[in-house]
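See structure below.
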Amino acid sequence: MNGNIHSIETLGTVDGPGIRYVIFTQGCLLRCQFCHNADTWEIGTGKEMTVSEIIDDLKSYLPFIQASGGGITVSGGEPLLQVPFLTELFKACKKLGIHTTIDSSGGCFSHSKLFIEQLEELLKYTDLILLDLKHINRKKHIQLTGMANDHILEFAKFLSERHIPIWIRHVLVPTITDAPEDLTKLGEFIGTLDNVDKIEILPYHKLGVYKWEALGHEYPLKGIEPPTGENVDFAYRKLIAHWQQHQFQ
1 MNGNIHSIET LGTVDGPGIR YVIFTQGCLL RCQFCHNADT WEIGTGKEMT
51 VSEIIDDLKS YLPFIQASGG GITVSGGEPL LQVPFLTELF KACKKLGIHT
101 TIDSSGGCFS HSKLFIEQLE ELLKYTDLIL LDLKHINRKK HIQLTGMAND
151 HILEFAKFLS ERHIPIWIRH VLVPTITDAP EDLTKLGEFI GTLDNVDKIE
201 ILPYHKLGVY KWEALGHEYP LKGIEPPTGE NVDFAYRKLI AHWQQHQFQ
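Position 226, counted from 1, in the sequence shown is what the numbering used here calls 226; the numbers after and before it change by one each time, with no gaps.
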């Protein structure tokens with residue numbers, strides 16, 4: 001089975017535990033204003049690669065991966081647009097004892113019978129999900145990503161009910177995703193989940209601006225600077241406090 005792949009990072013260190021073989025899949029439904037991978041949006045393009053091609057390449061990095069307690073992470077784009085491919089890939093990884101992680105926004109989650117069946121099968125071979133929660137406020141989420149967040153929050157609950165370990169990720173964009181009341185509500189929502197192992201605040205950066213320009217898109221966040229260290233610390237403490245508060249209720 002083939003997957004549509006944008007690129008591969010062979011020794012990643014920020015997308016899950018340890019050193020990781022990171023695959024960026026092609027295709028995404030969200031149009032996040034801060035996206036640094038806008039060139040992964042188009043569905044059905046990218047380089048077609050087979051599972052065996054990826055596994056053969058991954059094997060050469062196994063000593064580094066295993067020594068660090070790492071594994072493979074499939075990011076994007078949105079990996080869950082290619083669930084059957086991921087399932088075959090993760091089955092092959094499990095035969096080699098490789099830790100498996102998906103980095104997802106949950107943007108394509110649906111309750112359709114076929115999708116749920118395929119997703120349930122994939123989760124049998126998935127050790128961790130990095131769940132990107134862009135915004136807790138529905139209206140602001142639409143403004144930020146072009147899509148409502150109802151099904152994304154349902155995806156988080158779906159994973160919680162099945163006790164699939166997750167790391168929550170939240171991109172902190174000054175004036176857009178850093179309002180104290182929104183962070184409070186996000187922390188409270190996270191507190192309703194039973195499967196959260198870690199919370200990460202990802203500071204907004206401008207590294208993807210050149211990709212927008214190269215694609216002929218006007219970058220929507222011109223004039224917005226990355227958050228300060230103090231802003232990041234405040235947001236992290238806010239989420240942790242409300243997450244823990246709800247956990248103990």
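Don't be surprised by glycine CBs; every beta carbon is placed ideally from N, CA and C. As the structure is a prediction and not an experimental result, all values here were calculated from the model.
For residue i versus residue j, is the C-beta spacing smaller than 8 Å?
i, j, result
"residue 133", "residue 108", "no"
"residue 149", "residue 162", "no"
"residue 136", "residue 186", "yes"
"residue 197", "residue 166", "yes"
"residue 122", "residue 83", "yes"
"residue 58", "residue 72", "yes"
"residue 28", "residue 78", "yes"
Could you spell out the range, first to last residue, of the beta strand (DSSP E) harbouring residue i?
i, result
"residue 196", "196-203"
"residue 83", "Looking at the DSSP string, residue 83 is not in any beta strand (DSSP E); the run it does join, the alpha helix (DSSP H), is 83-95."
"residue 169", "166-172"
Which partner residues of residue i appear in the DSSP bridge assignment?
i, result
"residue 49", "3"
"residue 112", "In the DSSP output, where bridge partners are listed per residue, residue 112 has none listed."
"residue 104", "131"
"residue 21", "72"
"residue 242", "Note: residue 242 sits in no beta bridge, so no partner."
"residue 99", "71"
Applying the criterion that 16 or more other CB atoms from any shown protein chain within 10 Å of the CB defines a buried residue, is residue i buried or exposed?
i, result
"residue 15", "buried"
"residue 39", "buried"
"residue 237", "exposed"
"residue 170", "buried"
"residue 214", "exposed"
"residue 2", "exposed"
"residue 183", "buried"
"residue 104", "buried"
"residue 21", "buried"
"residue 67", "exposed"
"residue 76", "buried"
Going by Cα to Cα distance, which pick from the options is closest to residue i?
i, options, result
"residue 26", "135, 32, 8", "8"
"residue 158", "129, 146, 142", "129"
"residue 177", "224, 51, 216", "224"
"residue 74", "146, 174, 12, 184", "12"
"residue 175", "29, 212, 218, 34", "34"
"residue 50", "189, 179, 21, 86", "86"
"residue 99", "203, 127, 117, 114", "127"
"residue 203", "173, 191, 188", "173"
"residue 53", "5, 240, 188, 155", "5"
"residue 111", "180, 151, 227", "151"
"residue 243", "44, 191, 181, 210", "191"
"residue 23", "131, 102, 96", "102"
Looking at the unbroken alpha helix (DSSP H) that takes in residue i, where does it start and where does it end?
i, result
"residue 212", "209-214"
"residue 13", "Taken as a continuous stretch (DSSP letters only), residue 13 belongs to no alpha helix (DSSP H), as it is neither H nor E."
"residue 151", "150-161"
"residue 226", "Premise fails: residue 226 is in no alpha helix (DSSP H) and is neither H nor E."
"residue 138", "138-145"
"residue 182", "180-191"
Would you say the beta carbon of residue i is closer than 7 Å to some non-hydrogen atom of the ligand FAD?
i, result
"residue 73", "Only the bare structure without any ligand can be found here, which leaves the ligand FAD out of the picture."
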